Amino acid sequence: TTAFIGAIEAARGLNAYITETPDLALEQAARSDARIAAGTAGPLEGLPIGVKDLFCTKGVLTTAASHILDGFTPTYESTVTANLWRDGAVLLGKLNMDEFAMGGSNENSYYGPVVNPWRRDGDSAALVPGGSSGGSAAAVAADLCVAATGTDTGGSIRQPASFTGTVGIKPTYGRCSRFGIVAFASSLEQAGPMTKSVRDAAILLGSMAGHDPHDSTSVPLPVPDYAAALTGDLRGRKIGIPKEYRIDGLSPEIAAWWERGTAWARDAGAEIVEISLPHAQYALPAYYIVAPAEASSNLARYDGVRFGLRVPGKDLTEMYENTRGEGFGKEVRRRILIGTYVLSAGYYDAYYTRAQKLRRLIAGDFERAFETVDAVLAPTAPSAAYAGGEKADPIAMYLGDVFTVTANLAGLPAMSVPAGLSSEGLPLGLQVIGRPFDEAGVLNVGYALE
Ligand code: GLN
Numbered sequence: 028t029t030a031f032i033g034a035i036e037a038a039r040g041l042n043a044y045i046t047e048t049p050d051l052a053l054e055q056a057a058r059s060d061a062r063i064a065a066g067t068a069g070p071l072e073g074l075p076i077g078v079k080d081l082f083c084t085k086g087v088l089t090t091a092a093s094h095i096l097d098g099f100t101p102t103y104e105s106t107v108t109a110n111l112w113r114d115g116a117v118l119l120g121k122l123n124m125d126e127f128a129m130g131g132s133n134e135n136s137y138y139g140p141v142v143n144p145w146r147r148d149g150d151s152a153a154l155v156p157g158g159s160s161g162g163s164a165a166a167v168a169a170d171l172c173v174a175a176t177g178t179d180t181g182g183s184i185r186q187p188a189s190f191t192g193t194v195g196i197k198p199t200y201g202r203c204s205r206f207g208i209v210a211f212a213s214s215l216e217q218a219g220p221m222t223k224s225v226r227d228a229a230i231l232l233g234s235m236a237g238h239d240p241h242d243s244t245s246v247p248l249p250v251p252d253y254a255a256a257l258t259g260d261l262r263g264r265k266i267g268i269p270k271e272y273r274i275d276g277l278s279p280e281i282a283a284w285w286e287r288g289t290a291w292a293r294d295a296g297a298e299i300v301e302i303s304l305p306h307a308q309y310a311l312p313a314y315y316i317v318a319p320a321e322a323s324s325n326l327a328r329y330d331g332v333r334f335g336l337r338v339p340g341k342d343l344t345e346m347y348e349n350t351r352g353e354g355f356g357k358e359v360r361r362r363i364l365i366g367t368y369v370l371s372a373g374y375y376d377a378y379y380t381r382a383q384k385l386r387r388l389i390a391g392d393f394e395r396a397f398e399t400v401d402a403v404l405a406p407t408a409p410s411a412a413y414a415g416g417e418k419a420d421p422i423a424m425y426l427g428d429v430f431t432v433t434a435n436l437a438g439l440p441a442m443s444v445p446a447g448l449s450s451e452g453l454p455l456g457l458q459v460i461g462r463p464f465d466e467a468g469v470l471n472v473g474y475a476l477e
């Protein structure tokens with residue numbers, strides 16, 4: 028813990044942490060030492076981790092990287108982080124992210140952008156770490172924690188994992204409790220671990236997951252021993268390659284790593300099957316209707332009365348307007364506007380209802396595919412890390428989510444594992460998508476590819 032506290036101080040230029048909690052970490056670590064000495068150590072005893080600043084942590088500032096949550100110190104703990112402390116983990120601090128988890132480059136944080144510890148060969152220019160869990164990914168890649176928590180609404184664990192050469196898994200919708208996680212799009216998001224290895228991800232997920240009576244969408248299923256499932260043996264398993272993911276303009280380099288990954292799965296004993304997900308092409312537009320719709324509803328609670336920032340006005344309405352106008356960043360305001368529009372009378376059926384129908388069709392595509400195959404293999408993202416400001420056009424940014432949003436719309440477990448390096452020396456990830464609640468199978472495919 029002491030070593031990590033020093034490393035975090037030395038790497039403040041990455042801007043990975045919003046809040047550092049060294050005193051709390053040392054207290055927790057001392058208690059871990061005592062439990063280890065007493066022979067009562069938990070499975071994560073003494074492991075110093077970072078937590079995305081979207082998880083409520085009792086007594087520790089929680090910002091969601093938004094100005095509107097200024098000074099918000101929760102009086103309760105999220106279930107996922109409570110599970111980690113129960114098992115002995117130590118909190119090093121709260122990690123930077125895109126404001127309210129909206130973004131794919133970590134440039135939307137009120138606390139400033141996060142710097143990717145990776146550089147292009149022969150070039151010192153700073154690159155984005157991906158997003159929205161960019162602080163988590165950068166911190167894991169730069170050894171500023173053993174592991175971190177992330178959340179994934181449309182790819183925010185997997186894409187930053189791909190950009191930083193780390194491992195990240197979004198479990199099945201309902202596997203982890205969302206209680207105490209600041210809500211963006213409730214029907215899409217899940218918490219998950221971001222780690223250096225598939226084994227670490229398996230161990231951490233085992234602690235984070237489980238039924239929680241505080242979240243009615245968490246499922247009352249036992250949590251398997253994920254680490255025990257890691258054999259790397261894929262004999263008898265069928266892996267599907269979705270032909271629709273060979274999108275126009277897919278970079279030849281990413282296509283090549285995808286083929287190498289396919290060959291590794293075959294070497295591990297898997298049978299490779301080409302599959303079709305005919306509605307996958309509609310996933311991105313459906314996501315960018317459903318996610319803003321839910322965001323506009325979830326973010327209605329930030330009214331200047333109950334949480335954080337209050338900007339006064341001459342009456343209540345003006346106070347709301349001033350608070351929300353100053354408190355929310357540009358991307359968050361854009362999502363609220365889009366969401367309010369697609370939910371408004373007259374447009375609801377044309378946009379929101381149609382997006383929900385597409386969502387059902389996309390889920391149906393996967394249900395049919397999983398009658399034949401055990402897992403799906405695809406790229407995680409259509410590019411490697413890029414320079415800040417490169418995707419200033421929001422549509423260009425949204426296109427970066429093209430391979431990840433399908434799993435959120437269908438509620439399926441999906442992970443990113445590092446495949447290799449691009450010609451510029453930057454990490455690229457491969458994505459494994461699995462059947463509902465088959466995180467163990469997904470992790471094992473990832474383990475074979477790692
Ligand atoms: N990049 C996507 C978005 O901006 C996904 C974000 C996420 O998964 N939280 O909505």
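Per the UniProt record's numbering, residue 28 is the first one in the sequence shown, and the count goes up by one each step. Where a beta carbon is used, it is the ideal one built from N, C-alpha and C, also for glycine. Note that the structure is a prediction, hence the values are computed from the model and not measured.
Mind checking whether Ser189 and Gly456 have CB atoms under 7 angstroms apart? Their beta carbons are under 7 angstroms apart, which means Ser189 touches Gly456 by this criterion.
Cβ-based neighbour list, Gly473, same chain, cut-off 6 angstroms, excluding 5 preceding and 5 following: Counting only Cβ-Cβ distances below 6 angstroms, and skipping sequence neighbours, we find Val225, Met442, Val444 and Val459.
Just checking Ala64 against the ligand GLN - is the residue's beta carbon closer than 6 angstroms to any of the ligand's heavy atoms? no
Cβ atoms of Asp242 and Phe211: under 7 angstroms apart, would you say? no
Quick check: the Cα distance between Thr367 and Thr258, rounded to an integer number of angstroms? 48 angstroms
Using 8 angstroms as the threshold, is the region 125 to 145 in touch with the region 237 to 257, meaning 3 or more CB pairs across them? Contact between the region 125 to 145 and the region 237 to 257 is absent, because fewer than three Cβ pairs lie under 8 angstroms.
Go to Gly447, then tell me how far its beta strand (DSSP E) extends in each direction, as first and last residue. Ala441 to Leu448
Spatial neighbours of Asp227 in its chain, beta-carbon cut-off 8 angstroms, leaving aside the 5 residues before and after: Val173, Ala174, Val194 and Pro220
Buried or exposed for Glu134, please, with buried defined as at least 16 other CB atoms from any protein chain shown within 10 angstroms of its CB. buried
With a 10 Å radius around its C-beta and 16 neighbouring C-beta atoms as the bar for buried, classify Ala423 as buried or exposed. exposed
Starting from the C-beta of Gly237, find all residues in its chain whose C-beta is less than 7 angstroms away, skip the five residues before and the five after it, and write them out in chain order. Asn110 and Val250
Within the continuous beta strand (DSSP E) that includes Val459, where are the two ends? For Val459, the enclosing beta strand (DSSP E) stretches over residues Pro454 to Gly461.
Span of the alpha helix (DSSP H) holding Asp170? No alpha helix (DSSP H) holds Asp170; DSSP gives it neither H nor E.
With DSSP as the reference, label Phe464 as helix, strand or coil. coil
Could you tell me the distance, in whole angstroms, from the CA atom of Asp330 to the CA atom of Thr350? 7 angstroms
CB-CB under 7 angstroms to Ala295, same chain, minus the five flanking residues each way: which ones, in chain order? Gly259, Asp260, Leu261 and Ala475
If you draw a straight line from the C-alpha of Gly181 to the C-alpha of Ala218, how long is it? Going by the C-alpha atoms only, they are around 12 angstroms apart.
Report whether the distance from the Cβ of Asp252 to the nearest heavy atom of the ligand GLN is below 6 angstroms. no
Does at least one heavy atom of the ligand GLN sit under 6 angstroms from the Cβ of Thr193? The answer is no for Thr193.
Does any heavy atom of the ligand GLN sit closer than 6 angstroms to the C-beta of Ser159? Yes, the ligand GLN has a heavy atom inside 6 angstroms of this Cβ.
With three or more C-beta pairs closer than 8 angstroms as the rule, is the region 263 to 283 touching the region 311 to 330? Segments in contact, no.
Uninterrupted beta strand (DSSP E) stretches inside the region 33 to 67 (no shorter than 3 residues): 44 to 47
Quick check: what's the CA-CA separation for Ala128 versus Thr90? 11 angstroms
Continuous alpha helix (DSSP H) stretch holding Glu134: start and end: Premise fails: Glu134 is in no alpha helix (DSSP H) and is neither H nor E.
Is the CB of Pro144 under 7 angstroms away from at least one CB in chain B? Although the question refers to chain B, the structure presented lacks it and comprises just one protein chain.
Quick one: using the 10 Å Cβ neighbour count with 16 as the cut-off for buried, is Arg395 buried or exposed? exposed
Compare the C-alpha of Ser159 against each of Asp114, Glu216 and Arg62 and name the closest. Glu216
Heavy atom of the ligand GLN within 6 angstroms of Met129 beta-carbon: yes
Determine the DSSP secondary structure at Thr433, reduced to helix, strand or coil. Collapsing the DSSP output to three states places Thr433 in a helix.
Which of the three DSSP states is assigned to Val155 in this structure? In the structure shown, the three-state DSSP call for Val155 is coil.
Quick test of the definition: if touching needs 3 or more C-beta pairs under 8 angstroms, does the region 97 to 106 touch the region 80 to 89? yes
Got a sec? Which residues, its chain only, sit under 8 angstroms from Asp252 by beta carbon, not counting five neighbours each side? Gly233
How far does the beta strand (DSSP E) with Gly219 in it extend, from its first residue to its last? Note, Gly219: beta strand (DSSP E), Gln217 to Thr222.
Identify every residue that forms a DSSP beta bridge with Asp179. Gln217
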